[in-house]
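Below: the structure, in structure tokens.
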Amino acid sequence: MYCLSIEQINRISPYKVEIASDGNSLLFHTRYGLVYEVGFVEDYTFFDKNTYQFFIVEKNGSRFLKDPLVKETVWAIIEVFFRENSNVLLYVCDTSDGRQASRDRLFDIWFYEYEKQEEYIHLTAKVESDSIYYFASVILKITHPHLDEIKEAFDVFTEDMKDKLS
7 MYCLSIEQIN RISPYKVEIA SDGNSLLFHT RYGLVYEVGF VEDYTFFDKN
57 TYQFFIVEKN GSRFLKDPLV KETVWAIIEV FFRENSNVLL YVCDTSDGRQ
107 ASRDRLFDIW FYEYEKQEEY IHLTAKVESD SIYYFASVIL KITHPHLDEI
157 KEAFDVFTED MKDKLS
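Numbering-wise, the sequence shown is residues 7 to 172 according to the working numbering.
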């Protein structure tokens, strides 16, 4: 997992964030008793420099409750992630329960409601295969030194994904 400053996250996060016992992810508990795990895993699927796949999972398998503090906590974590390095964030929606479109829509809403979203580029892709839709997003700072290369690499990645799944 990518190491982040818990102190910096907790300065701007509404929920207290802690390092998971295995040291590989972050956890936070909501006022509704839900426990979210958030993490970053190195991923060179489409770009070979400082690319991380982002994940967020409710640990107990509970349904998402509309809680704006979850969004704010996730953005606090992402903000510190980008503050510490010039990274690329890849987000692929889980397809295991058929709710990937809902996850994609929610993440898009969270992005466009984020108060500092003008500092970032948000690239999205939707690929269909056998009536299953796959959703992927990339987020990076608008000032990233390899912005054009990353856009091109994500386009190639999307086309490759379409070819492999068809």
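Glycine is no exception: its CB is placed at the ideal position from the N, C-alpha and C atoms.
This one's a predicted model, so the numbers in the text were calculated from it and none came from an experiment.
Continuous alpha helix (DSSP H) stretch holding residue i: start and end
i      : result
Ser108 : 106-119
Leu171 : 153-171
Gln14  : 12-18
Boundaries of the beta strand (DSSP E) in which residue i is found, first to last residue
i      : result
Lys132 : 126-135
Phe142 : Checking the sequence, you will find Ala at residue 142 rather than Phe. Start and end: 138-147.
Phe60  : 57-64
Identified DSSP bridge partners for residue i
i     : result
Val23 : Phe34
Phe46 : Phe60
Val98 : Ala142
Val41 : His35
Simplified DSSP state of residue i, which is helix, strand or coil
i     : result
Phe53 : coil
Leu75 : helix
Arg89 : helix
CA nearest to the CA of residue i, picked from the options
i      : options                        : result
Thr51  : Asp154, Ile148, Ser143         : Ser143
Glu85  : Lys170, Ser19, Glu24           : Ser19
His150 : Asn91, Thr79, Tyr140, Asp161   : Asn91
Tyr139 : Lys147, Ile145, Thr130         : Thr130
Asp166 : Ser68, Lys132, Leu146          : Lys132
Arg17  : Ile83, Glu158, Ile127          : Ile83
Asn66  : Glu43, Phe113, Leu112, Thr79   : Glu43
Val94  : Thr36, Ile12, Leu153           : Leu153
His35  : Glu48, Gly29, Val63, Ser11     : Val63
Thr117 : Glu134, Ser137, Ser135, Ile145 : Looking at the sequence provided, one finds Phe at residue 117 rather than Thr. Nearest C-alpha to Phe117: Ile145.
Gly45  : Arg69, Val80, Phe163, Ser135   : Val80
Gly29  : Leu171, Asp169, Cys9, Leu40    : Cys9
Tyr126 : Ser11, Lys157, Ser135, Asp161  : Lys157
| task | Decide if the segment 69-83 is in contact with the segment 92-107; the criterion is three or more beta carbon pairs, one per stretch, under 8 Å apart. | result | no
| Do the segment 55-72 and the segment 118-126 touch if we need at least three Cβ pairs shorter than 8 Å? | no
| said: Tell me whether the segment 89-98 and the segment 22-38 touch, counting them as touching only if at least three CB pairs, one residue from each stretch, are closer than 8 Å. | reply: no
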